[in-house]
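The next block holds one structure in the form of structure tokens; read it before the comments.
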Amino acid sequence: MSFRLWGAAALVLLSVPAAADGFATRDLSSLSVDTAGYDGGAFVFRAAPERLMLVCNGCDAMTAVDVIIGTNTDGTEGRYRNGDTPIEELEAICQSREPECRMQAVEVGDAVGWQTTYPIAKMGLQGSTAYLMRDGDTLTIRSVAGDGARAKANAEEALSKIAPQVVGP
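In structure tokens, the structure reads:
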């Protein structure tokens, strides 16, 4: 093989992006789930590899937390990490759809993202969604409850108990 061919091959290999590390696990059914800290009553859960659901038994209004693992390679994470899409811009987009939407930045380990709170008017509920990204992997935590404080508290409980197990160190 000539030097030119080796040089061209080296350039091609150097231009290929490194494999993403992503989350420590992509199997939600393998996690340790402690339901004690969730607000509203006694929670039960069911887990599958890509989805984990916690539902409150005996709560006044529907109270549940839905955790979904996925992927996103459209560049959202890169734009968010480097500041091209700041949290204020994302909140403005959210508020254009729902004026009461509020958003804050969240981080778990090396994962970055945001948490929103919003009313779900058609159902008379409140919601809070946390969205985390790391190397193309995504973790979505959706919490619904009869009031906004409970929805947000339960999303934050999942962020503190479930997300670290998924994201890893």
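All the letters of the sequence shown, read from the start, carry residue numbers -20 to -1, 1 to 149 under mature numbering (1 follows the signal peptide of the UniProt record, and there is no 0). Note that the Cβ used here is the ideal one computed from N, Cα and C, for glycine as well.
Assigned with DSSP and collapsed to three states, T56 falls in helix. Put simply, of L119, G128 and G2 the residue whose alpha carbon is nearest the alpha carbon of Y111 is L119.
For the 8 Å CB-CB criterion, N37 and A16 do not form a contact. L70: member of the alpha helix (DSSP H) spanning I67 to R77, first to last residue. Straight through space, the alpha carbons of T56 and D117 are spaced by roughly 11 Å. For T96 and S9, the gap between their C-alpha atoms comes out near 25 Å.
Membership of S108 in the beta strand (DSSP E) is indicated by the continuous run L105 to R114.
With a cutoff of 8 Å on beta-carbon distance, V146 and I49 are scored as near each other. If you compare the alpha carbons of R77, I121, P29 and T53 with that of D7, the shortest gap goes to P29.
Judged by DSSP in its simplified three-state form, S12 adopts coil rather than helix or strand. Going by DSSP, R82 is part of the beta strand (DSSP E) stretching over R82 to V88. Judged by beta-carbon spacing, Y98 lies beyond the 8 Å limit of E69, meaning their Cβ atoms are not closer than that value. Taking the Cα positions, A91 is about 13 Å away from I142. In the structure shown, the three-state DSSP call for G17 is coil.
Secondary structure of N134 (DSSP, three-state): helix.
Its chain contains L8 and S9 as the residues whose beta carbon lies nearer than 6 Å to that of A27, once the 5 sequence neighbours on both sides are disregarded; these appear in chain order.
Around the beta carbon of M113, 16 or more other beta carbons sit within 10 angstroms, so the residue counts as buried. Note on K132: 16 or more other CB atoms within 10 angstroms of its CB, so buried under the neighbour-count rule.
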